[in-house]
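One structure is given here, and the rest of the page talks about it.
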Amino acid sequence: MSNKPDIKLYTAATMNGWKPVIFLEEADVDYDLVHIDFSKKDQKSNWYMQLNPNARIPTIVDRGNDDFVVFESGAILWYLAKKYQKFLPVGDKQHSQALQWLMFQMSGIGPMMGQAMYFQRIAAPQGHEEQFSIKRYVDESRRLLEVLDKQLNGKDYILGDQYTIVDMATYPWARSYYWAKVSLDGLDHLNAWFKRIDERAKTQKALTIPKAFPAFFGKGDVAQAEAANAARFKSDVKA
Numbered sequence: 477m478s479n480k481p482d483i484k485l486y487t488a489a490t491m492n493g494w495k496p497v498i499f500l501e502e503a504d505v506d507y508d509l510v511h512i513d514f515s516k517k518d519q520k521s522n523w524y525m526q527l528n529p530n531a532r533i534p535t536i537v538d539r540g541n542d543d544f545v546v547f548e549s550g551a552i553l554w555y556l557a558k559k560y561q562k563f564l565p566v567g568d569k570q571h572s573q574a575l576q577w578l579m580f581q582m583s584g585i586g587p588m589m590g591q592a593m594y595f596q597r598i599a600a601p602q603g604h605e606e607q608f609s610i611k612r613y614v615d616e617s618r619r620l621l622e623v624l625d626k627q628l629n630g631k632d633y634i635l636g637d638q639y640t641i642v643d644m645a646t647y648p649w650a651r652s653y654y655w656a657k658v659s660l661d662g663l664d665h666l667n668a669w670f671k672r673i674d675e676r677a678k679t680q681k682a683l684t685i686p687k688a689f690p691a692f693f694g695k696g697d698v699a700q701a702e703a704a705n706a707a708r709f710k711s712d713v714k715a
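Note that the numbering used here has the sequence shown beginning at 477, numbered continuously upward.
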């Protein structure tokens, strides 16, 4: 019998990449971590794409389940919650509600805020400031955060009193509103939710694994971080 942890996690310091780390740290689950280095294009390597054909992070391998592979961050959180029976509400209707809000993050908050970040923090510094695109994605990100704010009215967490994988999925993205340049004015319930999760030590530790990127949250040398991050995407600009 192997003494290795069941879960081997391949990830990097991004909003999606931190999601499974948050679960594993909060659930006190041992895991092995492989840092996928974007500068070396690890995610495009043949060995990694045999695990994740989409060449994105994160990915897990469950050694305790015949080396079963799971990719896509939301699917990973769902798998881990089911495997360890943690951070998921009980009951069929409750499972459906959790899945609905998980998909809300995966299909809405993540992609829209990601595009807001891309056009402002990556394209614009390289001379491609597209105001039409910026307004489209910033406005839609704000609308989605307003939906989240309304859902949080009278609740400690998105589904109620319990911290779940829905919060774990949504927090890294919504909390990076600074990087997306989206205003939180008037979103009091959302700000209160941020404060509650900001105080969760294990979640905050997870945001430093495999490394921290404080600029996402408006901390540290934002200008330097923006320049370094934009440089990774220089090949997007065609000569």
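Note that the Cβ used here is the ideal one computed from N, Cα and C, for glycine as well.
Note that the structure is a prediction, hence the values are computed from the model and not measured.
Relative to the C-alpha of residue i, which residue among the options is closest?
i           : options               : result
residue 613 : 656, 605, 479 and 629 : 656
residue 501 : 678, 694, 700 and 703 : 678
residue 491 : 545, 712 and 684      : 684
residue 636 : 708, 538, 557 and 665 : 665
residue 682 : 484, 483, 479 and 493 : 493
residue 546 : 581, 699, 496 and 642 : 496
residue 504 : 540, 528, 485 and 560 : 560
residue 673 : 702, 687 and 638      : 638
residue 530 : 543, 548 and 692      : 548
residue 467 : 659, 640 and 534      : This structure cannot settle anything about residue 467, because the visible part of the chain is limited to 477 through 715.
residue 650 : 587, 709 and 565      : 587
residue 687 : 510, 482 and 499      : 510
With respect to the alpha helix (DSSP H) encompassing residue i, which residues constitute its N-terminal and C-terminal limits?
i           : result
residue 426 : Since the first residue shown for the chain is 477 and the last is 715, residue 426 is missing from the structure and cannot be characterised.
residue 499 : 491-502
residue 703 : 698-707
What residues match up with residue i in a beta bridge as DSSP calls it?
i           : result
residue 518 : Answer by DSSP bridge pairing: none, since residue 518 is not bridged.
residue 633 : 636
Provide the residue span of the beta strand (DSSP E) that contains residue i, from first to last.
i           : result
residue 483 : 483-487
residue 536 : 535-538
residue 545 : 544-547
residue 510 : 507-511
Applying the criterion that 16 or more other CB atoms from any shown protein chain within 10 Å of the CB defines a buried residue, is residue i buried or exposed?
i           : result
residue 696 : exposed
residue 618 : buried
residue 591 : buried
residue 572 : exposed
residue 488 : buried
residue 607 : exposed
residue 596 : buried
residue 583 : exposed
residue 627 : buried
residue 699 : exposed
residue 544 : exposed
residue 534 : buried
For residue i, decide whether its Cβ has a neighbour in chain C, counting only Cβ atoms nearer than 7 Å.
i           : result
residue 646 : Of the protein chains in this structure there is only one, and it is not chain C.
List in chain order: all unbroken beta strand (DSSP E) runs of 3+ residues lying wholly within the region 649-696. Qualifying beta strand (DSSP E) stretches: none in this window.
Every unbroken alpha helix (DSSP H) inside the region 549-618 [4 residues or more]: Runs found: 549-560, 568-580 and 586-593.
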